[in-house]
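Enquirer: Numbering (the numbering used here), first residue to last: 1 to 289. Backbone N, C-alpha and C define an ideal beta-carbon position, used for all residues, glycine too. Note that the structure is a prediction, hence the values are computed from the model and not measured. Structure provided below as structure tokens; questions to follow.
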Amino acid sequence: MNFLAGCALLILWQAPAQTDSIPLPFDPLAGVVWSGGEHHYYSPIWDTQVVTNVSRPSMEVFTPVAGTGNQAAVVVAPGGGLFGLSIESEGKQVARWLAQHGFTAFVLKYRLVPTGVDGVKEIMDLSQKDPGEMMARVGKVLPASVADGLQAMAYVRAHAGTYGLDPDKIGFMGFSAGGAVTMGVGYQGQGDSAPDFLVPVYPWTDAYPVAPAPEGAPPMLVICASDDPLGLAAGSTRLYSAWLEAGKTAALQMYSKGGHGFGMKPQGLPSDHWIERFYDWAKVHILVP
């Protein structure tokens, strides 16, 4: 075996493992009908790979290299205005980074607003022409998306032994619309579906309004940028304050610049390192003995 081939095998050996899709149970959503299957494609509008028209929730799991796991898990909910999922920059790339740092990561495809071939173009057009209609469609589906997040939590906790996890170290991280799902999981989770920590990243608080922290609110790290063009910085600070006012563990990482939807996309800004700040926070609040 030559040197390059040996290096390639070493890289493959050290790469986090990824499984096939894991279906999640769900109840039908009255009044909402999907036609056709999921659409997987590169969106030049968002400059990333996306998935649209999701009608059946599922997950992909990314596991750390054997012997490097920290017994903690994160369910990752990509964003996309509930019309799509930014599946790479807010999903799989996040999961790979987490797995490389010891977490078992589950990328969730939650149910979305029914769309045609290009859901991204549909939301961009609708947000300009009729934002009220866009929000009405989101409002119909968001309860199902949150239900999918709760099912994801319950699945991971039920299978904690299979993945070598501590059932008390299972959290939920979501971006934008996925951040709204994260909030729903945090507010509604009970028993096996209750998260042990929350990481809403530029959460869409217009879709899921901030309310007082629930009695059993888990530790939370909120991440956003002050210059978010959707105005989500204010909602992020309200969410942080809700936890703080209830005496719950909370932290806020607010960048002065970063925009919206930065995910794992490098911009040459401090916000590029948000996931490292999550790891610093997790070492204090999650990964303690």
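#1: Does DSSP classify residue 237 as helix, strand or coil?
#2: Work out the CA separation of residue 265 and residue 88 for me, nearest whole Å.
#3: Can we say the stretch 59-77 touches the stretch 29-44, given the rule of at least three CB pairs closer than 8 angstroms?
#4: Taking residue 63 as part of the beta strand (DSSP E), name the residues at either end of that continuous run.
#5: Identify whether residue 94 lies in helix, strand or coil by the three-state DSSP scheme.
#6: Can you give the Cα-Cα distance for residue 28 and residue 269, rounded to whole angstroms?
#7: Grouping DSSP H, G and I as helix and E and B as strand, with all else coil, what is residue 271?
#8: Identify whether residue 52 lies in helix, strand or coil by the three-state DSSP scheme.
#9: Ordered along the chain, which non-local residues of its own chain (more than five positions away) have a Cβ less than 6 angstroms from that of residue 249?
#10: When you compare only the Cα positions, how much space is there between residue 278 and residue 221?
#11: Using the C-alpha atoms, what's the distance from residue 235 back to residue 9?
#12: Going by CA-CA distance only, name the one from 48, 162, 130 and 243 that's closest to residue 85.
#13: What separation, rounded to the nearest whole angstrom, lies between the Cα atoms of residue 82 and residue 207?
#14: Which value, in whole angstroms, describes the spacing of the CA atoms of residue 227 and residue 258?
#15: Do three or more CB pairs link the stretch 140-155 to the stretch 91-102 at distances below 8 angstroms?
#16: Once the 5 residues before and after residue 287 are set aside, which same chain residues still bring their CB inside 7 angstroms of it?
#17: Leaving aside the five residues before and after residue 211 along the sequence, list all residues of the same chain whose C-beta is less than 8 angstroms from its C-beta, in chain order.
#18: Within a Cβ cutoff of 6 angstroms, which residues of the same chain sit near residue 166, ignoring the five residues on either side of it in sequence?
#19: In the DSSP assignment, find the beta strand (DSSP E) that holds residue 198 and state where it starts and stops.
#20: Does the beta-carbon of residue 306 have 16 or more other beta-carbons within 10 angstroms, so that it is buried, or is it exposed?
#21: Considering only DSSP beta bridges, list what residue 252 is partnered with.
#22: Taking the alpha-carbon positions, what's the residue 303 to residue 57 distance?
#23: My parser needs the alpha helix (DSSP H) runs of 4 or more residues fully inside the stretch 148-180; what are they?
#24: Quick one: is residue 253 buried, meaning 16 or more other Cβ sit within 10 Å of its Cβ, or exposed?
#25: Does the distance from the C-beta atom of residue 113 to that of residue 141 stay below 8 angstroms?
#26: Which residues in the same chain as residue 103 place their Cβ atom closer than 6 angstroms to its Cβ, once the five residues preceding and following it in sequence are excluded?
#27: Can you find the residues in the same chain that come closer than 6 angstroms, C-beta to C-beta, to residue 285, ignoring five residues on each side of it along the sequence?
#28: Report the residue from 247, 262, 205 and 256 whose alpha carbon sits nearest the alpha carbon of residue 238.
#29: Can you tell me whether residue 279 is helix, strand or coil according to DSSP?
#30: Over the uninterrupted beta strand (DSSP E) stretch that includes residue 127, give me the two end residues.
#31: Would you say the beta carbon of residue 197 is closer than 7 angstroms to some non-hydrogen atom of the ligand HEM?
Expert: Per the coordinate set shown:
#1: In this structure, residue 237 counts as helix in the three-state DSSP scheme.
#2: Whole-angstrom Cα-Cα distance: 10 angstroms.
#3: Counting Cβ pairs under 8 angstroms, fewer than three are found: no touch.
#4: That run of the beta strand (DSSP E) goes 58-63.
#5: Of the three classes helix, strand and coil, the one that applies to residue 94 here is helix, per DSSP.
#6: Their backbone Cα atoms lie some 43 angstroms apart in a straight line.
#7: If DSSP states are grouped into helix, strand and coil, residue 271 belongs with the helices.
#8: Here DSSP, grouped into helix, strand and coil, assigns residue 52 to strand.
#9: Excluding positions up to five away in sequence, the list reads 219.
#10: Straight-line Cα distance between these residues: approximately 7 angstroms.
#11: Reliability of the predicted coordinates at residue 9 is poor, the pLDDT of 38 falling under 50, and the value obtained from them is presented with this limitation in mind. Straight-line spacing of the CA atoms in residue 9 and residue 235 works out to 46 angstroms.
#12: Nearest of 48, 162, 130 and 243 to residue 85, Cα basis: 48.
#13: Per the coordinates, the alpha-carbon of residue 82 lies some 10 angstroms from the alpha-carbon of residue 207.
#14: Approximately 7 angstroms, taken between the alpha carbons.
#15: Taking 8 angstroms as the limit for Cβ pairs, the verdict is that the stretch 91-102 does not touch the stretch 140-155.
#16: So the list reads 70 and 72, once near-sequence residues are dropped.
#17: Answer for residue 211: 187 and 242, listed in chain order.
#18: Cβ-Cβ distances below 6 angstroms link residue 166 to 71 in the same chain, with the five nearest sequence neighbours on each side left out; the list follows chain order.
#19: Under the DSSP assignment, residue 198 falls in the beta strand (DSSP E) whose first and last residues are 198-201.
#20: The requested residue 306 does not occur in the structure, where the chain is confined to residues 1 to 289.
#21: Residue 252 is bridged to 222.
#22: The structure shown has nothing for residue 303, since the chain only spans 1 to 289.
#23: The stretch 148-180 contains these whole alpha helix (DSSP H) runs: 160-163.
#24: Buried is the call here.
#25: With respect to the 8 angstroms criterion, residue 113 and residue 141 are classified as neighbours on the basis of their beta carbons.
#26: Taken in chain order, the residues that qualify are 72 and 74.
#27: Within the same chain, residue 285 has close Cβ partners 219.
#28: Here the closest residue by C-alpha is 205.
#29: DSSP places residue 279 in helix when its eight states are reduced to three.
#30: Unbroken run through residue 127 is the alpha helix (DSSP H), 119-129; no beta strand (DSSP E).
#31: Annotation note on the ligand HEM: not contained in the displayed structure, which lists no ligands.
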